[in-house]
DNA sequence: CTGAAAGCGCTAACAT
DNA sequence: ATGTTAGCGCTTTCAG
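Protein chains in written order, with the working numbering: chain G, 2 to 338; chain H, 2 to 338.
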């Protein structure tokens, strides 16, 4: 069951030096040893395929060089890209991200949070909506493991944070649609949205107001972040009798596409649709989806950077990075006829 | 930087017992202690938020309870679902999967393989195409870390393995198209395909033969597994002058959809398309994609099961599980006119 | 029923 | 330039 590991002692014996010597040389602290000794140790290491035991190493260093990452849904391309960015940065920083998807399930999320902590991750990136303030207070705080929050903020007055200018995202979406002449519109978003999604809504409402339209021209329709939910919301959208829909994420829009398609309806002819995120897929659906773009790979990268920075300088002030969004106009929106 | 951890010693002191007692009780080996003692220890543990130090624990047990998972592309929904299955099984088995995506890059793959080993994973699930036999021989074998291969087999005579009946998948695809009357067909697949993909090709060719068509009725077109590559292959497909295309994965098909769409061509009217994998997205594109379904979530689950089984019973015979595929007929294929 | 003691593989003061 | 020693936090004989 267990791997027969070569230990540092064997390398030391084989090279005819002490354990210390090997340790120092292998950790690039071997300046004080002769070139000859260093070469010998390195050679033996290679020959025996020595790999240091992280468990022993971490036990002393009190660091596992692992980062825990909690996301709500691995199957959403948005988060795949987020992870992509995190992995990219972690390679440079020689950390290993441990990624878990909680599938929007509070129980699962708490489970993974606990496990991650058990495995003594050095820090946490929590990009999960369902995590509760209590879970963080109860599990994370006592261990003093630094964490960073993304996509939510009700919890987080003291933690480092990544934010996206979601208010502006909603505003841009709303301005785009109203400029196209739409007056009655719907928004598709989850029932208990996190703060970032509520910001999108707030921005969208602001645009409606700016355009001089009455607030009740906007119909809110609840749907979870999945293609299926978007699809299933189709009838409600149609019943709401609007000419344009703002989907709080792209996945939702793609689900809605299908529902409209099955009913023989045409986008944007019968209904203009704008999404949110700008996932790759947007360019591969028909019609290509107009959306609000978030720089998600960069967001992932920066999340990791901020966290690692915090680990290395525990005492710096609370960090906050805010990312801009932009409108990416494609073919799913058009002037109201 | 480091978390102030509560140690077992503090729990012992607080509870007025020895370290041994705490260890035994917390590891469910406390049968020999009085109920009273057990309760007290458990209570103190709760109160102090004690979490055992995995590094110390693993150092002794020679097991990290972690599994390394290497996949080629996290952004392909097929692999997201694969991971999903792995995570599911791992929860039951109390292992933690560490997932890394190598983005079809040999260097990256070798890097992650090494890192995973450094972090002393107990076993590996390698579902990555670009991994080389040498990398496995050089890195994995000496450490005697059990591993399981999926989606390739040239390497693996002795390792446990998960296989999918890809020959049959290709055959089914070919039979479906020939039964619809198609005579000239193309197949889209990566240039240096892994064995599983080549099996799909072999099955497809067998179907052509069965149908009494000449072998050169099939045009092979190379494209990596990405939407972009499928899109970029469009012109080649059109130049090949075929009436049907077999895409070696669904993602490719969706890319091709876009290329055809931009040229005003119609699926399946102008070209029948069949994919491979049966990702969720297939039902959300227009027309819904006919495909060969692999039970990918189950494959992930079984991969983890097999590996964990191997870890627990190191001496059992080499394990091999073979999964069936099936044709899922939707609207992207039709009779040749 | 409970505890003392040894030791997992490694790093880092502190000698020499 | 190199080695000795102590100890990280835990599990596990073994002795009471």
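For each residue, glycine too, the CB sits at the ideal point set by N, CA and C.
Boundaries of the alpha helix (DSSP H) around residue 112(H): 107 to 119. For residue 71(H), the secondary structure class from DSSP, reduced to helix, strand or coil, is strand.
Counting along the chain, the unbroken alpha helix (DSSP H) around residue 261(G) starts and ends at 251 to 263.
Between residue 84(G) and chain H, the shortest Cβ-Cβ separation is below 8 Å.
For the C-beta of residue 102(H), the chain G residues within less than 9 Å are, from N- to C-terminus, 81, 84, 85 and 88.
Here the alpha carbon of residue 30(H) sits roughly 21 Å from the alpha carbon of residue 49(H). Taking C-alpha positions only, residue 243(G) is separated from residue 111(G) by approximately 40 Å. Close CB contacts of residue 122(H) within its chain, under the 8 Å cut and outside five residues either way in sequence, are with 65, 67, 68, 69, 99 and 146 (chain order).
When 128(H), 134(H), 135(H) and 166(H) are compared, the shortest CA-CA separation from residue 149(H) is found for 128(H). By the criterion of at least three beta-carbon pairs nearer than 8 Å, the segment 275 to 284 of chain G is not in contact with the segment 133 to 142 of chain G.
Considered as a whole, the segment 182 to 248 of chain H harbours 186 to 190, 219 to 223 and 245 to 248 as its complete beta strand (DSSP E) runs of no fewer than 3 residues, in chain order. Of the candidates 250(G), 269(G) and 312(G), the residue whose Cα lies closest to the Cα of residue 152(G) is 250(G). Residue 187(H) is outside the set of residues whose beta carbon lies under 8 Å from a beta carbon in chain G.
Just so you know, the alpha carbons of residue 6(H) and residue 116(G) end up roughly 15 Å apart. For residue 20(G) against residue 42(G), the beta-carbon gap comes to about 11 Å, at or over 8 Å, which does not count as contact. Taking the beta carbon of residue 319(H) as reference, no residue of chain G falls within 7 Å; the closest one sits roughly 16 Å away. Under the DSSP assignment, residue 125(G) falls in the beta strand (DSSP E) whose first and last residues are 124 to 127. Counting the other CB atoms within 10 Å of its CB gives residue 294(G) a total of 16 or more, which places it among the buried residues. As for any alpha helix (DSSP H) of minimum length 4 sitting wholly inside the segment 37 to 89 of chain G, the runs are 55 to 62, ordered along the chain. Apart from sequence neighbours up to five positions away, the residues of its chain that approach residue 229(G) with a beta-carbon distance below 7 Å are 256, ordered along the chain. When CB distances to chain G are screened at a threshold of 9 Å, the residues of the segment 109 to 131 of chain H falling below it are 109, 112, 113, 115, 116, 117, 118, 119, 120, 121 and 123, in chain order.
Residue pairing by DSSP places residue 34(H) opposite no residue, since no beta bridge is assigned to it. By the rule that beta-carbons nearer than 8 Å mark a contact, residue 143(H) touches chain G. Cβ neighbours of residue 237(G) within its own chain (closer than 6 Å, five residues either side excluded): 222. Residue 9(G) sits buried, since 16 or more C-beta atoms from the chains shown fall within 10 Å of its C-beta.
At least one beta carbon of chain H lies nearer than 8 Å to the beta carbon of residue 52(G). Here the alpha carbons of residue 303(G) and residue 32(H) stand approximately 49 Å from one another. The secondary-structure analysis by DSSP pairs residue 98(G) across a beta bridge with 68(G). CA-CA distance, residue 329(G) to residue 291(G), rounds to 6 Å. Scanning chain G for C-beta atoms nearer than 9 Å to the C-beta of residue 65(H) yields 55, 56 and 120, reported in chain order. Following the DSSP letters along the chain, one finds residue 165(G) inside the beta strand (DSSP E) bounded by residues 161 to 165.
Around the beta carbon of residue 46(G), 16 or more other beta carbons sit within 10 angstroms, so the residue counts as buried. In the DSSP assignment, residue 27(H) falls outside any beta strand (DSSP E) and within the unbroken alpha helix (DSSP H) covering 20 to 27. Shown here, residue 168(G) sits in a helix according to DSSP, grouped into three states. Taking C-beta separations shorter than 6 Å and ignoring five residues to either side along the sequence, residue 270(G) has no partners in its chain. Burial of residue 88(H) is indicated by the presence of at least 16 other C-beta atoms within 10 angstroms of its C-beta.
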